[in-house]
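Enquirer:
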Amino acid sequence: MTTTLWTQGPSRPMETFDTLNPATSEVIATFPVFGEDGVAEAVEHAHHAAAWWAGLPAKDRKTRLLAWKSHIMRYIGRLAELVHTETGKPLADAQLEILLAVVHIDWAARNARKVLRPRRVRSGLVAFNQAATLEYQPLGVVGVIGPWNYPVFTPMGSIAYALAAGNAVVFKPSELTPAVGGWLVSSFAEVVPEQPVLQLITGAAATGECLARSAVSKIAFTGSAATAKKVMAACAQNLTPMVAECGGKDALVVAADANLDAAADAAAWGALSNAGQTCVGVERVYVAEDVYHSFVEKLADRMSEVRPGEDREADYGPMTLPSQVDVVERHIADALARGGRPLLGGLDSIRKPYVGPVILADVPEESRAVTEETFGPTVTVTRVANLHDGVRLANAGRYGLGASVFARNRKAAMAAARSLRSGMTAVNSVISFAAVPSLPFGGSGDSGFGRIHGADGLREFSRPKSITRQRMRPMVNLTSLSRTDKDMKRILSLATMLHGKRYK
Ligand code: NAD
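Going by numbering that gives the first Met the number 0, the final residue of the sequence shown carries number 503, and the count climbs one at a time with no gaps.
#1: Within 10 angstroms of the Cβ of Gly-447, are there 16 or more other Cβ atoms? Answer buried if so, exposed if not.
#2: Would you list the residues sitting across from Val-286 in a DSSP beta bridge?
#3: So, is Leu-457 buried or exposed, given that buried needs 16 or more other C-beta atoms within 10 angstroms?
#4: For Gly-399, which three-state DSSP category applies?
#5: CB Thr-18 to CB Thr-319, shorter than 8 Å?
#6: Between Thr-15 and Arg-417, what straight-line distance do the alpha-carbon atoms span, to the nearest angstrom?
#7: Which residue's Cα is closest to the Cα of Asp-36: Ala-107, Leu-64, His-44?
#8: How many angstroms separate the CA atom of Cys-209 from the CA atom of Thr-239?
#9: So, Asp-249 versus Gly-401, is the Cβ gap smaller than 8 Å?
#10: To the nearest angstrom, report how far apart Lys-503 and Leu-497 are at their CA atoms.
#11: Helix, strand or coil: how does DSSP classify Gln-323 here?
#12: Consider the C-beta atom of Asn-148 and the heavy atoms of the ligand NAD; say whether any pair is separated by less than 7 Å.
#13: For the ligand NAD, is there any heavy atom lying closer than 7 Å to the beta carbon of Leu-400?
#14: In three-state terms, what does DSSP make of Ala-494?
#15: Mapping the DSSP letters down to three states, classify Ile-349 as helix, strand or coil.
#16: Just reading off the alpha helix (DSSP H) that Phe-187 is part of, what are its end residues?
#17: Who pairs with Arg-468 in a beta bridge, going by DSSP?
#18: Once the 5 residues before and after Thr-277 are set aside, which same chain residues still bring their CB inside 7 Å of it?
#19: Can you tell me whether Thr-3 is helix, strand or coil according to DSSP?
#20: Ala-41: which of Ile-358, Leu-199, Arg-407, Asp-486 sits nearest, CA to CA?
#21: Measuring CB atoms only, is the stretch 213-227 touching the stretch 136-151, in the sense that at least three cross pairs come out at less than 8 Å?
#22: Relative to the ligand NAD, is the shortest distance from any of its heavy atoms to the C-beta of Ser-173 smaller than 7 Å?
#23: Which residues does DSSP pair with Thr-137 in a beta bridge?
#24: What does DSSP give as the partner residues of Met-241 in its beta bridges?
#25: So Ala-161 and Val-168 are in contact, right, with Cβ under 8 Å, and what is the actual spacing, rounded?
#26: Can you give me the Cβ contacts of Ser-216 inside the same chain, cut-off strictly under 7 Å, excluding the 5 residues immediately before and after it?
#27: With a threshold of 8 Å between beta carbons, is Asn-258 in contact with chain C?
#28: Quick check: is any heavy atom of the ligand NAD less than 7 Å from the C-beta of Lys-229?
#29: Going by beta carbon distance, what residues of the same chain come within less than 7 Å of Trp-106, once the five residues before and after it are set aside?
#30: Going straight from the alpha carbon of Ala-235 to that of Gly-181, what length do you get?
#31: Could you have a look at Val-38 and say whether DSSP puts it in helix, strand or coil?
#32: Looking at the ligand NAD, does it come within less than 7 Å of Gly-145, judged from the CB to the closest heavy atom?
#33: Measuring CB to CB, does Val-383 end up less than 8 Å from Val-286?
Spelled out as structure tokens, the structure:
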């Protein structure tokens, strides 16, 4: 593949970096490294663009976002090819990722007005003379810092919702996937050519830090918890708020009455898809002891059929980030050293840049393979007494992103779903919540805070604005220097009547 220099960039010359195909190490393209000045310039342009974009009627923003959506859909083949080249994931997986992103652009575009528009709210008896209105206004410029594992779907959860809420966006994709980021930004410029409402800045950690310290109104960060802490420290300098979408250590809990074929199939896909490089991938499975052996047999059967590679028939691709292979290796070695047993694969499954499927059993709960994000095609399987016990162990870690429950008893499954300390839980499937655009997505603990997707995702990129309008003179004017003791007495007896009742 020929090396091309990305032409969009700031006005002054800059250092550059290359993006590589992780399967072949071939150079895909060369990009500028944005420094403080380049980032500040982009953010300044974005503020002008934000004023223009926010000033458009909401229906015009909707039309343009829908035009962007259909542009992406029409050129899905080209974008998927780029995702495949930069991340190594199979083309079909790249297409699925883009499809999901399109669903979110569509939802954000169609629902922004309804969710954010001004609405009358009750003013209550004490402020009866006031008309109260609540509306959600754009923040201005949102800085989006993205990861490489889902370079379209993941940043789009912030970009589409921020744009739909009337903000301009300055987007720093991962240094591993800038070509995909560049494609998204250029395609948006095709449908919104007037102003740089969505801009690209490229570079690694230092560029991201410049963005977090710049004059943006909010940072939407997706990446690891360790990086989120650094971004938060940079944001702290200007009290810039932040959404943190971080990693996970998602568990799948299998009850004794579960459909084991479905559970094993879902666990295999959840663990192996995208070579396990999925924030809501399945990394731990807890299985009720009555069905443990049957489940493990089915899971091993299913996972042993799967093969990584670069060819079109491969089930998943290489590890995108070369250093992640070392993390996977450390986790497997630690699990084995602590008495874990490989049920499928093991250390010899590592053949850089590929890692074959690995199932580990009897791994102590304090092992790294259970407590830390592995981000590889490995899964631990642990026997538990029952669904309740599985939920208890699933909840024991620092992360709280996604989870799955497999059980036939609907009541028990829903109760388990509620008790799992995760932002999202799928019952009898995996990761399905990511495909429902009206559901908020995000975590707690080391998985971060704030929400993308759904109405909460739109509000995340808005500023609530409260307005009271006096519609008649008050019976008693409490906010006046001419207030009398008699006025105060009247209002106190009214308040005692309303709020002073004894509750048993
Ligand atoms: P990462 O934390 O290494 O980098 C994420 C982004 O932050 C990149 O763009 C990077 O250049 C930038 N960055 C790095 N250091 C920075 C700094 N000091 N200041 C500002 N920006 C900085 O993560 P990654 O390896 O790209 O992605 C993998 C991680 O992302 C995993 O932990 C995964 O679980 C998580 N993830 C979470 C979600 C979610 O929605 N919760 C989705 C996808 C990925």
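Idealized CB from N, CA, C, for every residue including glycine.
A quick note: this is a predicted structure, and the numbers were derived from the prediction, not measured.
Expert: Concretely, from the data shown:
#1: buried
#2: Val-253, Arg-382
#3: buried
#4: strand
#5: no
#6: 48 Å
#7: His-44
#8: 13 Å
#9: yes
#10: 16 Å
#11: helix
#12: yes
#13: yes
#14: helix
#15: strand
#16: 177-190
#17: Ala-130
#18: Asn-148
#19: Confidence in Thr-3 is poor, its pLDDT being 38 and thus under 50, which makes the residue's placement unreliable; the coordinate value appears in the next sentence. Looking at Thr-3 - three-state DSSP - the assignment turns out to be coil, as it is neither helix nor strand.
#20: Leu-199
#21: yes
#22: yes
#23: For the sequence presented, residue 137 should be read as Pro rather than Thr. In DSSP, Pro-137 forms a bridge with Ser-461.
#24: Ile-218
#25: 5 Å
#26: Leu-138, Gly-139, Val-140, Val-141
#27: No chain C appears in this structure, which consists of one protein chain only.
#28: yes
#29: Pro-436, Ser-437
#30: 29 Å
#31: helix
#32: yes
#33: yes
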